[in-house]
Amino acid sequence: MKVSIITITYNSAKTLQRALESVQSQNYPDIEHVIVDGASTDGTREIIESYAASNSKVRWVSEKDDGIYNALNKGIKIATGDVIGFLHSDDILYSADSIGHIVDGFESSNADVIYGDLQYCRGNKVVRYWKSNPFRPSWLKYGWMPPHPTMYVRKEVYAQTGEYDEWFRISSDYDMILRIFKSGFSTHYIPEVLVSMEIGGASNRDTKARLSKTQEDYIVLKKNHVGAGYLTVLCKQLRKIRQFLRKD
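In the working numbering, the protein residues as written are 122 to 369.
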């Protein structure tokens, strides 16, 4: 099984090397790394060029894009793997066996979608632990979703669901999750941390970003005919409280 990992980046020279090394250190051999750079000017391109020179399974492009989801869609079009996952430029795969465990999950379950747990860090300190669980369709209306950075999806799923909706600036990943999980694709949960993520992403940067995220989540729910509008959005936000309290 060939795995495509897509990394989108823009002026992330400070963090990108660590993300690339976490992919390069994987014990699973058949990994294609697709890197979509938004025409960086801070040395990011040079890091990618050096990485690609030493790894024949790297495919990359550096050009202006129209935001995060436009870049993700570019990556999906470039990817040639049987399954596709995303690793952002300030995230790392949790262990050298993360991709191997994901492939084992696909092979043992024959699922269309695999996901696991996610930890948020500030430096070397874990500040939030997203413990997921096996999927139940009824949970969508209560704001349940798996951690998007841990999701690995068979390429044909994207062929059926279509691209990430580029109208959204923050919540298109939530939109994609609802489109996939309400459509009856088979899923499999791996009860372990697969990705370590630096806290402070686009949806949590400041109060304005959080308000925009709330508004977009509401539109996503209405678009997909899931839940009860802002009540479901509230449930989704309340789920995060437990993640900050967990210590494992």
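By construction, the Cβ of each residue, glycine as well, lies at the ideal position given by its N, Cα and C atoms.
Only a predicted model underlies this, so the values are computations on that prediction, with no experimental measurement involved.
Asked, Found
"Limits of the alpha helix (DSSP H) - the one that residue 222 falls within", "219-230"
"From 196, 299, 319, residue whose alpha carbon lies closest to that of residue 257", "299"
"Per-residue DSSP class, three states only, for residue 246", "strand"
"The stretch 154-161 touching the stretch 182-189, judged by at least three CB pairs closer than 8 angstroms", "yes"
"Bounding residues of the beta strand (DSSP E) (the contiguous stretch that carries residue 177)", "Looking at the DSSP string, residue 177 is not in any beta strand (DSSP E), and its letter there is neither H nor E."
"Through-space distance from residue 129 to residue 165, alpha-carbon basis", "11 angstroms"
"Buried/exposed call for residue 271, threshold 16 Cβ in 10 Å", "buried"
"Per DSSP, the bridge partner or partners of residue 318", "212, 241"
"Exposed unless 16 or more other CB atoms sit within 10 angstroms - verdict on residue 346", "exposed"
"Residue from 357, 169, 320 with nearest C-alpha to residue 247", "320"
"In DSSP terms, what residue 125 is bridged to", "153, 205"
"Sheet register partners of residue 265 (DSSP bridge)", "According to DSSP, which records beta bridges pairwise, residue 265 is partnered with nothing at all."
"Short Cβ contact (8 angstroms threshold) for residue 212 with residue 278", "no"
"8 angstroms Cβ cutoff met for residue 189 and residue 197", "no"
"Rounded C-alpha distance that separates residue 151 from residue 122", "7 angstroms"
"For residue 239 and residue 104, the rounded distance between their alpha carbons", "Residue coverage of the chain in this structure runs from 122 to 369, which leaves residue 104 outside it and unanswerable."
"Residue 288 - DSSP class collapsed to helix/strand/coil", "coil"
"Stretch pair the stretch 342-359 + the stretch 284-303: three plus CB contacts closer than 8 angstroms", "yes"
"Exposure of residue 235, with buried meaning 16 or more beta-carbon neighbours within 10 Å", "buried"
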